Amino acid sequence: MLDGVHIAGNLLITAYNVTVRNSQIDGWVDDQYGNAYYSYTITDSTVGKPTGCDSLPGVGQGSYTARGVLVQNHSHGFQADGSDIAIHDSFALICSNPGDHSDGIQSYGAGNNIVLDHNTLDERGVTDITAPIFLTDQQNNVTVTNNLVAGGTYSIQVKHFGGTAVVTGNRMVDKSWVYAPVESECSRLTWSDNTLVTIDANYAVTGTVGSLPCAT
Numbered sequence: 111m112l113d114g115v116h117i118a119g120n121l122l123i124t125a126y127n128v129t130v131r132n133s134q135i136d137g138w139v140d141d142q143y144g145n146a147y148y149s150y151t152i153t154d155s156t157v158g159k160p161t162g163c164d165s166l167p168g169v170g171q172g173s174y175t176a177r178g179v180l181v182q183n184h185s186h187g188f189q190a191d192g193s194d195i196a197i198h199d200s201f202a203l204i205c206s207n208p209g210d211h212s213d214g215i216q217s218y219g220a221g222n223n224i225v226l227d228h229n230t231l232d233e234r235g236v237t238d239i240t241a242p243i244f245l246t247d248q249q250n251n252v253t254v255t256n257n258l259v260a261g262g263t264y265s266i267q268v269k270h271f272g273g274t275a276v277v278t279g280n281r282m283v284d285k286s287w288v289y290a291p292v293e294s295e296c297s298r299l300t301w302s303d304n305t306l307v308t309i310d311a312n313y314a315v316t317g318t319v320g321s322l323p324c325a326t
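Count the sequence shown with the numbering used here and you get residues 111 to 326, in order.
#1: I'd like to confirm the pairing. Which residues does DSSP put opposite A311 in its beta bridges?
#2: Short check: CB of N280 to CB of N251, under 9 Å?
#3: Is it the case that the stretch 233-240 contacts the stretch 289-298, given that we only count it when at least three CB pairs across the two stretches are under 8 Å?
#4: Identify the continuous beta strand (DSSP E) that holds R298 and give its terminal residues.
#5: As a quick exercise: from H198, S193 and T240, pick the residue whose alpha carbon is nearest that of H86.
#6: Can you have a look at Q77 and say buried or exposed, based on whether 16 or more other CB atoms are within 10 angstroms of its CB?
#7: Can you grab the Cα-Cα spacing for the pair G352 / M282, in whole Å?
#8: In terms of alpha-carbon separation, which member of G272, T300 and G261 lies closest to T278?
#9: With distance defined between alpha-carbon atoms, name the residue in I195, A176 and L306 nearest to S133.
#10: Should P167 go down as buried or exposed, given a rule of 16 or more other Cβ atoms within 10 Å for buried?
#11: Span of the beta strand (DSSP E) holding F271?
#12: So, helix, strand or coil for G213, using DSSP?
#13: So, is V157 buried or exposed, given that buried needs 16 or more other C-beta atoms within 10 angstroms?
#14: Take N207 and list the residues in its own chain whose beta-carbon comes closer than 8 Å to its own, dropping the five residues that flank it on each side.
#15: What are the residues that DSSP puts in a beta bridge with V289?
#16: Between the C-alpha atoms of V276 and G317, what's the straight-line distance to the nearest angstrom?
#17: Go to I224, then tell me how far its beta strand (DSSP E) extends in each direction, as first and last residue.
#18: With DSSP as the reference, please indicate the residues paired to D113 in a beta bridge.
#19: Compute the beta-carbon to beta-carbon distance between Q142 and D191, rounded to the nearest angstrom, for a pair I have assumed lies under 8 Å.
#20: If we ignore side chains and look at the alpha-carbon of each, how far apart do L112 and A314 end up?
#21: Of the residues N229, D154, V139 and V181, which one's Cα is nearest the Cα of I117?
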């Protein structure tokens, strides 16, 4: 258990069932060591310095739960390499360095069971970007629900998945993308109740522009 700590560098987790809460980690949090992903939970914590931009993901990589986490000044907010990842009620404010291809959440050879629920992922004003939601790496069973997303070349990319993929109840900031709002395998996923919205400076929704259809 790490409770109320300030880590000036990175946190590498090499034991199972670790809990991190009410803490500040200036670098990144990672649980891949050797060939294992060491399970952990991180809650009510901040990852990343208040200034600068770290090209490495803020929180990763497999068998973890994040709840109430602020990731700031990382070019990737959350990394999904392994299985059994659940991210809830969190906020990623993304930066980029040249060549980063930044994402709010990025899959990279991911496995099974990725849940992304009720988070805010913001890539607006960032130049070297891919997508706030970039789940494209043959992961199995993906659930993307009730998130607020903004920015990216495309804001939602969910494709190359096995099993099921559900994208429902999400809100996207209207006209915040570069190319198009969605680039996903629409014929294979469950898509419903996603909307285009406007927001204020505090991320409160100020209006609904209309429904957000899936597109390929």
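By construction, the Cβ of each residue, glycine as well, lies at the ideal position given by its N, Cα and C atoms. Just so you know, these numbers come straight off a predicted model, no measurement behind them.
Well, looking at it:
#1: Start at 1 with the first residue of the sequence shown, and residue 311 comes out as number 201. A311 is bridged by DSSP to nothing; it lacks a bridge partner.
#2: Translated into the one-based positions of the sequence shown, residue 280 becomes position 170. Translated into the one-based positions of the sequence shown, residue 251 becomes position 141. No, these two residues do not count as a Cβ contact at 9 Å.
#3: The answer is no - the stretch 233-240 does not touch the stretch 289-298, with fewer than three Cβ pairs under 8 Å.
#4: Locating residue 298 in the sequence shown gives position 188, counting from the first residue. For R298, there is no enclosing beta strand (DSSP E), since its DSSP letter is neither H nor E.
#5: Absent from the structure is residue 86, since the part of the chain shown begins at 111 and ends at 326.
#6: Outside the displayed span of the chain (111 to 326) sits residue 77, for which this structure offers no information.
#7: The structure shown has nothing for residue 352, since the chain only spans 111 to 326.
#8: For the purposes of this step, residue 278 is taken as residue 168 along the sequence shown, with counting starting at 1. Cα-wise, what sits closest to T278 is T300.
#9: By one-based count along the sequence shown, residue 133 stands at place 23. Answer by Cα proximity: A176.
#10: Taking the sequence shown and counting its residues from 1, one reaches residue 167 at position 57. Result: buried.
#11: If you number the sequence shown from 1, residue 271 lands on position 161. In the DSSP assignment, F271 falls outside any beta strand (DSSP E) and carries neither an H nor an E.
#12: Position 103 of the sequence shown, counted from the first residue, corresponds to residue 213. For clarity, residue 213 is Asp in the given sequence; the question names Gly instead. Here D213 sits in strand by DSSP.
#13: Here residue 157 refers to the residue found at position 47 when the sequence shown is read from its first residue. By the 10 Å Cβ count, V157 comes out buried.
#14: Translated into the one-based positions of the sequence shown, residue 207 becomes position 97. Taken in chain order, the residues that qualify are C163, S165, S185 and D238.
#15: The count along the sequence shown starts at 1 and reaches residue 289 at position 179. The sequence given here places Tyr at residue 289; Val does not occur at that position. For Y289, which the question treats as bridged, DSSP gives no partner whatsoever.
#16: Counted from its first residue, the sequence shown places residue 276 at position 166. Counted from its first residue, the sequence shown places residue 317 at position 207. Approximately 25 Å, taken between the alpha carbons.
#17: As a working note, residue 224 is residue 114 in the sequence shown. For I224, the uninterrupted beta strand (DSSP E) run begins and ends at N222 to D227, by DSSP.
#18: Translated into positions along the sequence shown, residue 113 becomes position 3. Note: D113 sits in a beta bridge opposite R131.
#19: Position 32 of the sequence shown, counting from 1, holds the residue named residue 142. Position 81 of the sequence shown, counting from 1, holds the residue named residue 191. At roughly 7 Å, the Cβ-Cβ gap stays under 8 Å, so Q142 and D191 are in contact.
#20: Walking along the sequence shown from the start, residue 112 turns up at place 2. Walking along the sequence shown from the start, residue 314 turns up at place 204. Using only the alpha carbons, I get a separation of about 32 Å.
#21: The residue given as residue 117 occupies position 7 in the sequence shown. Considering only alpha carbons, the answer is V139.
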